[in-house]
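What the sequence shown shows, in the numbering used here, is residues 1261 to 1403, in sequence order.
Ideal placement from N, C-alpha and C gives every residue a C-beta, glycine not left out.
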Amino acid sequence: MAAPLVSDALWAIVEPLIPPEPPKPKGGRPRLDDRAALTGILFVLRTGIPWELLPMEMGCGSGMTCWRRLHEWQQAGVWERLHRVLLDRLGYANAINWDRAAVDSASVPAKRGARRPAQTRRIAASRVPSATSSSMPTASRSP
């Protein structure tokens, strides 16, 4: 049998970050287990299959259920907190390869009010021949 997508070690990290189930004042169907929903989410993201083709035999509920849980957890900030927790663990273990790290404005916002760099001075004006006009005489068809 294949190894589970959500191991016990991973679940121990993720479970405390997941918000509690919202109350159901009108009752309703029992909620799919969070670990099963996470398994379905990881399966879809790993394989690239459409949500609606998530196999029911996996016990992860429907693809729409997993998609809704993904969205709910995104709104609750679960993925951002999980990212920070995993980075902290890797940092403490000295297991981050900083040679392969990339930082851009999407992950590290620019400070407001930062001084702008000075404009680069022009070295000298240089005339470059135009690609659309030429100083050569134009050819004519008439003799």
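Is the beta carbon of A1366 sitting closer than 7 Å to the one on P1279? For this step, residue 1366 is matched to residue 106 along the sequence shown. For this step, residue 1279 is matched to residue 19 along the sequence shown. Against a cut-off of 7 Å, the Cβ pair of P1279 and A1366 comes out as no contact.
| What's the gap between the Cα of G1288 and the Cα of A1361? | Taking the first residue of the sequence shown as position 1, residue 1288 is located at position 28. Taking the first residue of the sequence shown as position 1, residue 1361 is located at position 101. So the alpha carbons of these two residues sit roughly 46 Å apart.
ask   = Does the Cβ of G1300 have 16 or more other Cβ atoms within 10 Å, making it buried, or fewer, making it exposed?
value = Here residue 1300 is taken as the residue at index 40 of the sequence shown, counted from 1. G1300 counts as buried, since at least 16 other C-beta atoms from the protein chains shown sit within 10 angstroms of its C-beta.
Ranges of the alpha helix (DSSP H) found wholly within the region 1316-1366, counting only runs of at least 4:
Positions of the alpha helix (DSSP H) runs, each at least 4 residues long and wholly inside the region 1316-1366, are given as 1323-1336, 1338-1352 in order along the chain.
- prompt: Taking the Cβ atom as the reference point for each residue, do G1308 and L1314 lie within a distance shorter than 7 Å?
  reply: What you label residue 1308 is simply residue 48 of the sequence shown in a count that begins at 1. What you label residue 1314 is simply residue 54 of the sequence shown in a count that begins at 1. Their beta carbons are not under 7 Å apart, which means G1308 does not touch L1314 by this criterion.
Q) Do the region 1319-1334 and the region 1289-1296 touch if we need at least three Cβ pairs shorter than 8 Å? A) yes
Buried or exposed by the 16-neighbour rule on C-beta atoms within 10 Å, applied to A1272:
On the sequence shown, position 12 is the one that residue 1272 refers to. The residue in question, A1272, is exposed, as its Cβ has fewer than 16 Cβ neighbours within 10 Å.
Look up D1293 in the DSSP assignment and say whether it is helix, strand or coil. As a first step, residue 1293 must be located in the sequence shown, where it is residue number 33. If DSSP states are grouped into helix, strand and coil, D1293 belongs with coil.
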